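Chemist: In the working numbering, the protein residues as written are 16 to 461.
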RNA sequence: GGAGAGGUGGCCGAGCGGCUGAAGGCAGCUGCCUGCUAAGCAGUUGUAGGGGUAAAACUCUACCGGGGGUUCGAAUCCCCCCCUCUCCGCCA
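Following this line, the structure appears as structure tokens:
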């Protein structure tokens, strides 16, 4: 078995598919100014001159090669006919070998240009939707709504690390012995709480919100990472399996979205709604010093994800629903939160529009991200070749969306901090008690 | 790890050097017919990229798992790789 072969960034699965990018190459060709200004709002500049020269070079090479091929094909058919009639074809076959050689070199050159074009285009992020606020960083993200009242504490509320360690349910010291910084180890009621949260969230999304549960692989091929946009640009954020073309998933979005790569979906089946629990693995490169302690920013954490495949017409309605489904988790648990709309400068690479849900953390005295819900429009569908067939029509790219519903570790943090009691215990939200053997309160030694 | 079988269009499934983008079937679309949620008949329907057009029409190229080779010409022959299935072994 040869697992070591590097997957091509340009081939998905077994197919070589090199002409799907962030947007229609024709659109970029015909509306460079629009692309430029919309990307500028995300503080991304593209070298359109480079694009233009590569694009033109490629087309010139194609034209020449293809006309040679056309001539060669015509002659070949003639030869076939003559041979069938028992005649000699020697005279018209003259020079064909030379033409073939010329074609070969033109094709090779075209491929080189094509790769340069791919390299250029695969690094261009999605274009923001018109409704996305313009801004350069998180400070420009408008608050869309706020839910719940942060509880007043009569004492200075503790952070989750302290609460957890005192209760003996979080053990960062031992996690460090095993795996180093940014790993965590849950014990007793802590482990049970995490497990309960996973089950609670999955049950809510399947039974109440109608999502189909998926339990996908936690490692995927590089082509899947290209499909959702993690590669090629963000390789440094991912854990790669040595000697394999596989990566540990940074989110369930990757396997679940790529589930339908190279497929043509039935329009009547849309929207497809999936929910999946997976651990997530992230290098967190460049976040040195931030949230070093605790569960907030780990190399491995659990998350329940929501993923949708929709038509272009309905994707923004579906985004609102998905967001609301994610919020519901916090509402049922009784955790105060707010929703912000990410501005152009703060959005991820693949997203056309993103809402973040931020939960209130009394220990830190601020709202912290606990979910990110995005519409990717065609961006991922183009890369992963996910289409659907409209009634009687030609296949079109589907729209993909996803959001955390929710990050389990951070939800656990929110529960510990929001429901901590002066005596050091933590009240278990009612909705979770059924998942924890009826446990109502976590006390030391539980 | 060992031994076989196989990967063809939206799906099923023929083809095994030339006029095959690919028979046949299903599904879809368009007519006709039928007074009823059906059936019949006829026609039609791949994807991508060039050129062309106001848009079409039209035209060229590529694509039968991926890559390379042989040949004037390959879905068909050769080599390498990937994947799927069956049996044996091993294992959770």
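All residues carry an ideal CB built from backbone N, CA and C; glycine is no exception.
Only a predicted model underlies this, so the values are computations on that prediction, with no experimental measurement involved.
Can you tell me whether residue 372 is helix, strand or coil according to DSSP?
Modeler: Strand.
Chemist: Roughly how many angstroms separate the alpha carbons of residue 457 and residue 289, rounded to a whole number?
Modeler: Computed Cα separation, rounded: 32 angstroms.
Chemist: Measuring only the C-alpha atoms, how far is residue 16 from residue 258?
Modeler: With a pLDDT of 34 at residue 16, under the threshold of 50, the predicted position of this residue should be treated as unreliable, though the coordinate-derived value follows. Cα-Cα distance, rounded: 12 angstroms.
Chemist: Under the DSSP definition of a beta bridge, which residues are partnered with residue 346?
Modeler: Answer is none; residue 346 lacks a bridge partner.
Chemist: For the region 201-253, list the beta strand (DSSP E) runs that are entirely contained and at least 3 residues long, ordered along the chain.
Modeler: Here the runs fully enclosed are 227-229, 234-236.
Chemist: Going by C-alpha to C-alpha distance, which of 314, 65, 102, 378 sits closest to residue 300?
Modeler: For the residues 314, 65, 102, 378, the minimum Cα distance to residue 300 belongs to 314.
Chemist: Suppose you measure from the CA of residue 194 to the CA of residue 294; what does that come to, to the nearest Å?
Modeler: So the two alpha carbons sit approximately 16 angstroms from each other.
Chemist: If the criterion is Cβ atoms closer than 8 angstroms, does the pair residue 287 and residue 323 meet it?
Modeler: Result yes, Cβ atoms of residue 287 and residue 323 sit closer than 8 angstroms.
Chemist: Could you pull out every residue in the same chain whose Cβ sits closer than 8 angstroms to the Cβ of residue 271, ignoring the five residues on either side in sequence?
Modeler: Same-chain partners within the cutoff: 229, 231, 289, 291, 320, 322, 417.
Chemist: In the DSSP assignment, what residue or residues form a beta bridge with residue 96?
Modeler: According to DSSP, residue 96 bridges with nothing at all.
Chemist: For residue 360, which of 55, 276, 103 has the nearest alpha-carbon?
Modeler: That would be 55, whose Cα lies nearest to the Cα of residue 360.
Chemist: Report the three-state DSSP secondary structure of residue 306 (helix, strand or coil).
Modeler: Three-state result, residue 306: coil.
Chemist: Please confirm if the region 431-440 is in contact with the region 172-184, defined as three or more CB-CB distances below 8 angstroms between the two stretches.
Modeler: Yes: at least three Cβ pairs fall under 8 angstroms.
Chemist: To the nearest angstrom, how far is the alpha carbon of residue 71 from that of residue 342?
Modeler: The alpha-carbon atoms of residue 71 and residue 342 are separated by roughly 48 angstroms.
Chemist: So, does the region 41-56 touch the region 142-151, judging by three or more C-beta pairs under 8 angstroms?
Modeler: Yes, since at least three Cβ pairs between the region 41-56 and the region 142-151 fall closer than 8 angstroms, the two stretches touch.
Chemist: By DSSP, does residue 319 sit in helix, in strand, or in coil?
Modeler: Residue state, collapsed to three classes: strand.
Chemist: Residue 47 lies in the beta strand (DSSP E); which residues open and close that run?
Modeler: From DSSP, residue 47 is part of no beta strand (DSSP E) but of the alpha helix (DSSP H) over 47-55.
Chemist: Under 8 angstroms: do the region 178-198 and the region 387-396 share three or more Cβ pairs, one atom per stretch?
Modeler: No: the two stretches stay apart, fewer than three of their Cβ pairs being nearer than 8 angstroms.
Chemist: In or out: residue 133 buried (at least 16 other Cβ within 10 Å) or exposed?
Modeler: When all chains shown are included, residue 133 counts as buried.
Chemist: Starting from residue 423, follow the alpha helix (DSSP H) in both directions and report where the run begins and ends.
Modeler: Segment 423-433, the alpha helix (DSSP H) holding residue 423.
Chemist: In this structure, does DSSP put residue 185 in helix, strand or coil?
Modeler: Correct three-state label for residue 185: strand.
Chemist: Are there three or more Cβ pairs, one per stretch, closer than 8 angstroms when the region 441-452 is compared with the region 203-219?
Modeler: The region 441-452 is in contact with the region 203-219.
Chemist: Run through DSSP, which three-state label would residue 329 get?
Modeler: Residue 329: coil per DSSP, three-state reduction.
Chemist: Who does residue 390 pair with in a DSSP beta bridge?
Modeler: DSSP lists 368, 416 as partners of residue 390.
Chemist: So is residue 126 buried or exposed if we call it buried at 16+ other beta carbons inside 10 Å?
Modeler: It counts as exposed.
Chemist: Tell me, to the nearest whole angstrom, how far the beta carbon of residue 12 is from that of residue 184; I am working on the premise that it is less than 8 angstroms.
Modeler: Because the chain spans 16 through 461 in this model, residue 12 falls outside it and cannot be assessed.
Chemist: When you compare only the Cα positions, how much space is there between residue 445 and residue 136?
Modeler: Each residue's Cα considered, the two are about 50 angstroms apart.
Chemist: Count the C-beta pairs between the region 274-287 and the region 400-417 that are closer than 8 angstroms, then say yes if the count reaches three, no if not.
Modeler: As far as the Cβ criterion goes, the region 274-287 touches the region 400-417, which means the pair count is three or higher.
Chemist: I need the boundaries of the alpha helix (DSSP H) containing residue 269, first residue and last residue.
Modeler: Per DSSP, residue 269 belongs to the alpha helix (DSSP H) from 268-273.
Chemist: Whole angstroms is fine: what's the gap from residue 285's alpha carbon to residue 422's?
Modeler: Rounded to the nearest angstrom, the two C-alpha atoms are 26 angstroms apart.
Chemist: Please look up how many angstroms separate the CB atoms of residue 84 and residue 118, rounded, as I've assumed it's under 8 angstroms.
Modeler: Their Cβ separation, rounded to whole angstroms, is 6 angstroms, which keeps residue 84 and residue 118 in contact under 8 angstroms.
Chemist: Can you tell which of 406, 265, 305 has its C-alpha closest to the C-alpha of residue 239?
Modeler: Checked all of 406, 265, 305; the closest Cα to residue 239 is 265.
Chemist: Please state if the CB of residue 161 and the CB of residue 353 are separated by a distance shorter than 8 angstroms.
Modeler: Yes; because the gap between Cβ atoms is below 8 angstroms, this pair is in contact.
Chemist: May I have the straight-line CA-CA distance separating residue 62 from residue 167, to the nearest angstrom?
Modeler: Roughly 53 angstroms separates the two Cα atoms.
Chemist: Have a look at the DSSP bridge pairing and note the partners of residue 403.
Modeler: In DSSP, residue 403 forms a bridge with 280, 411.
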